[in-house]
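In the working numbering, the protein residues as written are 3 to 166. Worksheet: the structure to be examined is printed underneath.
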Amino acid sequence: ELKLSSHEEALSFVSLVDGYFRLTADAHHYLCTDVAPPLIVHNIQNGCHGPICTEYAINKLRQEGSEEGMYVLRWSCTDFDNILMTVTCFEKSEQGQGAQKQFKNFQIEVQKGRYSLHGSDRSFPSLGDLMSHLKKQIPRTDNISFMLKRCCQPKPREISNLLV
3 ELKLSSHEEA LSFVSLVDGY FRLTADAHHY LCTDVAPPLI VHNIQNGCHG PICTEYAINK
63 LRQEGSEEGM YVLRWSCTDF DNILMTVTCF EKSEQGQGAQ KQFKNFQIEV QKGRYSLHGS
123 DRSFPSLGDL MSHLKKQIPR TDNISFMLKR CCQPKPREIS NLLV
């Protein structure tokens, strides 16, 4: 039996257990809202992974079927003010014959609580608002144009490079 002397001490203990669980078993989990880290709440609400590597994001897309327009949202491993969107798309050959599957990364900049696609002048008050806007567009880059269709969100107890 464990007795703690105050509510604050209890919250501190819960926070410790919660952080340990998040570090070793489930990076997208929290035990109670009183100790939930704001970034974890943000990620869960937006289907965003933590700072997973590109290789893991591509693997996730392949496991989910890697259909055109599927994407993974993830925080950058090197620049913590950026979210990366890794998208499954098909590059059409210059002769117009066939299409080769590609995984493209797009940078979402987070500045002063606003979200914008790198190179765009338009910003949005939330990641959800930006994604809703992008789903109505047909982004183009190089020989590729695509529509965003389905976000591959983190799953409970999913193994990733976020776990120790």
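The beta-carbon is built from N, C-alpha and C at its ideal position, and this holds for glycine as well. Fair warning: this is a prediction, and the values are worked out from it, not measured in the lab.
Item: Three Cβ pairs or more, each shorter than 8 Å: is that satisfied between the segment 111-126 and the segment 83-90?; Value: yes
Item: Go ahead and label LEU165 buried or exposed: buried means 16 or more other beta carbons lie within 10 angstroms of its beta carbon, across all protein chains shown.; Value: Low local confidence applies: a pLDDT of 49 at LEU165 is under 50, so the model's placement there is unreliable, with the coordinate-based value given in what follows. Answer is exposed; the Cβ neighbour count stays below 16.
Item: Quick check: the segment 16-27 against the segment 113-130, are at least 3 beta-carbon pairs closer than 8 Å?; Value: no
Item: What residues are listed by DSSP as bridge partners for THR143?; Value: ILE146
Item: Apply the 10 Å Cβ neighbour rule to LEU119 and answer buried if 16 or more other Cβ atoms are within range, or exposed otherwise.; Value: buried
Item: Considering GLU93, what are the terminal residues of the beta strand (DSSP E) in which it resides?; Value: 84-94
Item: Determine, using beta carbons only, whether LYS103 and THR90 come nearer to each other than 8 Å.; Value: yes
Item: Taking the C-alpha atoms as reference points, what is the distance between CYS153 and ASP36?; Value: 28 Å
Item: Let's see if you can read the secondary structure: which residues bound the beta strand (DSSP E) around GLU111?; Value: 101-113
Item: Tell me, which residues are paired with PHE23 by DSSP?; Value: Its beta-bridge partners do not exist; DSSP assigns none.
Item: From TYR73 to ASP144, what does the alpha carbon distance come to, in whole angstroms?; Value: 18 Å
Item: In chain order, what residues of the same chain have a beta carbon less than 7 Å from the beta carbon of LEU6, not counting five sequence neighbours either side?; Value: ALA12, PHE15
Item: Rounded to whole angstroms, what's the CA-CA distance from GLY71 to TYR32? Just pull it up for me.; Value: 30 Å
Item: If GLU93 sits next to ILE146, beta carbons under 8 Å apart, how far is it from one beta carbon to the other, in whole angstroms?; Value: 5 Å
Item: Checking 8 Å against the spacing of the C-beta atoms, do CYS50 and LEU75 come in under that value?; Value: yes
Item: Residues in the same chain with beta-carbon distance under 6 Å from SER78, minus the five sequence neighbours each way, listed in chain order, please.; Value: ASN84, LEU86
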